[in-house]
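What the sequence shown shows, in my numbering, is residues 83 to 213, in sequence order.
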Amino acid sequence: MSEQIEYYATGRRKTAVARVYLRPGNGKIVINKKDINEYFKTVSQKTLVMQPLLLTGYADKFNILIKVKGGGLMAQAGAIRHGIAQALVHFNIELRQKLKQAGYLRRDSRMKERKKYGLKGARRRPQFSKR
Numbered sequence: 083m084s085e086q087i088e089y090y091a092t093g094r095r096k097t098a099v100a101r102v103y104l105r106p107g108n109g110k111i112v113i114n115k116k117d118i119n120e121y122f123k124t125v126s127q128k129t130l131v132m133q134p135l136l137l138t139g140y141a142d143k144f145n146i147l148i149k150v151k152g153g154g155l156m157a158q159a160g161a162i163r164h165g166i167a168q169a170l171v172h173f174n175i176e177l178r179q180k181l182k183q184a185g186y187l188r189r190d191s192r193m194k195e196r197k198k199y200g201l202k203g204a205r206r207r208p209q210f211s212k213r
């Protein structure tokens with residue numbers, strides 16, 4: 083049994099969590115057992131996922147297996163981008179500077195603010211009535 087070379091990283095965005103596995107290959111991307119074109123319909127989501135690969139020039143060097151859950155499709159695309167960037171750093175530490183300057187290694191910490199009691203949402207108040 084031959085040992086498969088694999089680089090693993092976790093990416094997060096809002097409530098989406100992506101587990102990314104980089105394996106040497108020809109550039110095939112599989113997300114939740116579906117091809118990237120089947121999983122993401124819009125071009126913006128696909129380009130968001132491909133950004134770290136295109137920046138480093140490894141778009142056709144790895145087969146990428148991704149398991150993602152939680153959040154919406156844009157949050158999932160952001161989580162996948164974060165995970166791919168982290169996995170590329172595990173593969174080659176010299177890519178860290180380039181990916182860090184582009185901002186792909188930073189987790190986007192913006193989350194939905196919780197609803198507070200007495201309010202209609204996080205900050206929206208009920209209409210004021212004088213009488």
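Glycine included, every Cβ here is placed at the ideal spot set by N, Cα and C.
If you reduce the DSSP assignment to three classes, tell me which class K110 lands in. coil
Which of helix, strand or coil DSSP assigns to R196: coil
The segment 135 to 153 / the segment 101 to 111 touching (three or more Cβ pairs under 8 Å): yes
Quick one: using the 10 Å Cβ neighbour count with 16 as the cut-off for buried, is Q183 buried or exposed? exposed
How many Å lie between A98 and F122 at the Cα? 15 Å
Whole angstroms is fine: what's the gap from G203's alpha carbon to Q127's? 29 Å
CA-CA distance, F173 and G165? 12 Å
Within 10 angstroms of the Cβ of V125, are there 16 or more other Cβ atoms? Answer buried if so, exposed if not. exposed
Starting from T138, follow its DSSP beta bridges and name the residues at the other end. BP columns for T138 are empty, so no partner.
Could you say which of D190, K149, A169 lies nearest to I118 if we only look at CA atoms? K149
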